[in-house]
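Student:
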Amino acid sequence: MTRDGLGAFDWLARAQAAPEQAHKEWAETGIALLPLGKRFNSVYLPGHLVHVAAGTDDQDVVTRMFAELLDGPVIHNRPQNQYYALVEPSNTHTWMQEYREAPMLGTGQFLSVPAADLTGPTGLYWAVRPRIVGDLCAVPSVAALIHMARDPRRAGAR
């Protein structure tokens with residue numbers, strides 16, 4: 586892993602008041618519980634929505650779609666078939682008015698964030714790892730993915 590990649594995880598850890606706690610959790614359990622709303626938010630993407638947008642449930646195809654379309658970090662909770670796109674903090678209430686099927690999680694909520702070396706394919710892992718400090722998915726790109734899943738032609742293809 587590059588120094589930039591490690592810097593990205595230092596940056597994520599600073600979401601906690603005591604960043605060393607996040608590093609300790611990653612070292613001991615592989616997962617750190619980080620608060621949302623200040624440094625980043627997260628958009629919860631149900632697996633079925635992602636698979637419709639991708640046109641498949643093939644994990645390699647889904648990962649490529651995330652890397653190309655979202656161009657930022659995405660966590661996959663494989664046992665629960667859930668994805669979490671890390672995005673810049675924004676108004677969760679405004680987002681929820683348009684995208685109820687993919688809620689934005691923010692202030693007052695927490696996210697289980699895998700360690701840098703957890704890259705799949707089981708458990709909680711990075712589908713797309715953060716590459717540099719401040720690396721986040723653009724909110725409009727996440728919205729575009731949801732619009733792709735809403736397209737009835739895609740839904741019928743599965």
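Numbering (the numbering used here), first residue to last: 586 to 743. Note that beta-carbon positions come from the ideal geometry of N, C-alpha and C, so glycine has one too.
#1: According to DSSP, simplified to helix, strand and coil, what is S627?
#2: Grouping DSSP H, G and I as helix and E and B as strand, with all else coil, what is P638?
#3: What are the start and end residues of the beta strand (DSSP E) that includes Q644?
#4: Between which two residues does the beta strand (DSSP E) containing S697 stretch?
#5: Expressed to the nearest angstrom, what Euclidean distance is found between the alpha-carbon atoms of A598 and V637?
#6: Between the alpha carbons of R735 and R685, how many angstroms are there, rounded?
#7: Applying the criterion that 16 or more other CB atoms from any shown protein chain within 10 Å of the CB defines a buried residue, is R717 buried or exposed?
#8: Go ahead and label V646 buried or exposed: buried means 16 or more other beta carbons lie within 10 angstroms of its beta carbon, across all protein chains shown.
#9: Tell me the residue span of the alpha helix (DSSP H) that contains L730.
#10: Per DSSP, what kind of secondary structure is P604 in: helix, strand or coil?
Tutor: Let's see:
#1: strand
#2: Before going further, note that residue 638 is Ala rather than Pro in the sequence given. Looking at A638 - three-state DSSP - the assignment turns out to be helix.
#3: Segment 644–650 is the alpha helix (DSSP H) holding Q644; no beta strand (DSSP E) there.
#4: 695–699
#5: 33 Å
#6: 12 Å
#7: For clarity, residue 717 is Ile in the given sequence; the question names Arg instead. I717 should be labelled exposed.
#8: exposed
#9: 724–735
#10: helix
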